[in-house]
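This report refers to the structure that appears directly beneath it.
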Amino acid sequence: MIATAINLSSEILWEFFLPLLILLGLFINIKMIKNHASLSRPDATLWEFNKIKGALSISLASKVGTGAIIGVLAAMWESSIDGVSTGVGVVFWVFVGILFLVPITYSEVLFTQICQQSPRDFIATHLNEKSATIYAVGLVALYAFGFVGFQLTGVQTVVRYVSETYLDYSFSPSNALLYIVLPIIILATMVIITKSHQLFINTLSSLIFFIIIAYLLFFLLFVYQTSYFIGEYFKQITSQIMSLSTVAIGLPLGLIIAFQRIIQISETSLGTSALSSSDRENSPRREALIQTISTLISIFIAVIITSYIFAYGQTHIESVALSASGFERISGYIFTVFSVTGYAGLVVVLLFFIVSGFTTILGSFHYVNTSLKLSENGIIITYILLISLSGALSVTHFELIFEASNLLMFIVGFINLLAMALFIYKKTSNLKS
């Protein structure tokens, strides 16, 4: 009942108000480009690698992960019309969405850097305090409940896959909750209570930077060994776009799926890119550019790599199929990796899944801590409750987490975009006068 209500609310908001989101975004992007020179000064200093690496590592650590891969596979299922096609047509819609959403990342970071405010304070200043509170609560729920749920689902899948494949043991839902999810939640709780989260996040952020490089190298090896499939991959994308079934679904659904996944993958319009640059080690323009680069990298890793590998598996490996089961989709992805690149590729992918998952789970505390105006104990309790609820639902009700995330992404993104539009309107009006 709850899942149905959330799904219906999400569908109504996305379908009816997507044009408004597009218009707001276009207004912000056009105004920002036209007034870029007057909004901020050019950089007078040279790029410093340590400052760039620090900002980029923090940003990538929060964006890149198992949840993004799960989200893309779910989007492929949504756009495949219940498995009729391979679902790779979503790649086209994502690239259409990139043209609109990636500049938003630049704008949101630039604006908050200019104002030297957190996203919550920025919204309170340029919209109102009530909207800022709704934004903060929505962002915390989205990250600590929604995105953490994606990561926990991914980590479960990895453990279950290894257990079933190499140990001949299958986890029941109750065992998965007790022996996979619960230990992760206990570990995260201990790290937060002992106030060691920043040390863990910094360590994992540095580690994920090198794992991402290894993941990209693994993908190059995968492409090299399957080079004969490249043409077929693009042919499948074109075929799905041009098919009658895709046309019948139409432009709106393609854009809705693309926008949802871009926002989930890159967190553009949510304000988290601005939070990743809150230390302000670089100039406003430079911080905005770093976060934009991070957005493009995260989208490439999630969309191109995931869709190519899974499309290859569907086409050339009999046991790999696009199904309604999230576990089967992830298992098919991992099995495809192993079939082509062997244990070397398998180890890289499993490390990528686990490390990125833990980084996001612990990193979500940062957004709870910086967004909610509660006591220290109140923040810790809120975090533990949200990740515990997410963990419990991730075992058997992932679709509820998925739909709730889509709904929260719309609410949080819309409030942030509205505040950005009001800011740039007032700013450019003052410049003219």
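Just so we're aligned: the sequence shown equals residues 1135 to 1567 in our numbering.
Ideal Cβ positions, reconstructed from N, Cα and C, are used throughout, including at glycine.
Local Cβ density within 10 Å of residue i, reported as buried at 16 or more and exposed below that
i: Ala1139; result: exposed
i: Phe1363; result: buried
i: Leu1542; result: buried
i: Lys1197; result: buried
i: Asn1564; result: exposed
i: Leu1456; result: buried
i: Ile1136; result: exposed
i: Tyr1358; result: exposed
i: Trp1227; result: buried
i: Gln1425; result: buried
i: Glu1149; result: exposed
i: Thr1494; result: buried
i: Phe1281; result: buried
i: Trp1181; result: exposed
i: Gly1466; result: buried
i: Thr1404; result: Looking at the sequence itself, residue 1404 is Leu, so the reference to Thr does not match. Buried, because 16 or more other Cβ atoms sit within 10 Å of the Cβ of Leu1404.
i: Ile1515; result: exposed
i: Asn1550; result: buried
CA nearest to the CA of residue i, picked from the options
i: Ser1410; options: Val1206, Met1376, Tyr1501, Thr1440; result: Tyr1501
i: Ala1208; options: Glu1537, Met1554, Ile1558; result: Glu1537
i: Phe1499; options: Thr1323, Gly1223, Glu1149; result: Thr1323
i: Leu1235; options: Val1293, Arg1395, Glu1533; result: Arg1395
i: Ser1428; options: Gln1448, Ile1399, Val1454; result: Ile1399
i: Tyr1300; options: Tyr1477, Ile1162, Arg1419, Leu1157; result: Tyr1477
i: Glu1145; options: Ile1558, Asn1540, Ala1555, Asn1550; result: Asn1540
i: Lys1561; options: Ser1143, Leu1152, His1170, Leu1147; result: His1170
i: Phe1368; options: Ile1438, Ala1348, Ile1327, Val1483; result: Ile1438
i: Ala1392; options: Leu1152, Leu1142, Asn1141; result: Leu1152
i: Ser1174; options: Glu1421, Leu1155, Ala1258; result: Glu1421
i: Ile1268; options: Ile1558, Phe1557, Phe1544, Ala1555; result: Phe1544
i: Gln1247; options: Leu1485, Leu1157, Ala1408; result: Ala1408
Close Cβ partners of residue i (< 7 Å) along its chain, the five nearest in sequence each way excluded
i: Tyr1446; result: Thr1360, Phe1363, Thr1470
i: Ile1326; result: Phe1499, Ile1514, Tyr1517
Cutoff 8 Å; reference residue i; Cβ partners in own chain excluding five residues on either side
i: Gly1460; result: Ile1204, Leu1207, Ala1208, Thr1287, Thr1291, Phe1532
i: Ile1431; result: Leu1194, Val1198, Ile1346
i: Ser1297; result: Tyr1303, Ser1304, Phe1305
i: Trp1211; result: Gly1217, Gly1221, Leu1456, Ser1457, Ala1458, Arg1463
Cut-off 6 Å between Cβ atoms - residues of its own chain near residue i, not counting five sequence neighbours on either side
i: Ser1505; result: Arg1254, Ala1270, Leu1273, Val1274
i: Leu1423; result: none
i: Ala1310; result: Gln1290, Val1529
i: Lys1568; result: Given a span of 1135 to 1567 for the chain in the structure shown, any question on residue 1568 remains unanswerable.
i: Val1243; result: Ser1407, Ala1408, Ser1411, Glu1421, Ala1422, Gln1425
i: Gly1525; result: Leu1286, Val1315, Ile1319
Requested in this report: Note down, one range per segment and in chain order, each alpha helix (DSSP H) of at least 4 residues found wholly within the segment 1308-1360.
Outcome: 1316-1327, 1331-1359
Query raised in the report: Can you give, in chain order, each stretch of the alpha helix (DSSP H) that sits fully within the segment 1187-1261 and has at least 4 residues?
Result: 1200-1213, 1224-1249, 1253-1260
**Report entry** Every unbroken alpha helix (DSSP H) within the segment 1444-1531, with a cutoff of 4 residues, ordered by chain
**Finding:** 1460-1505, 1510-1530
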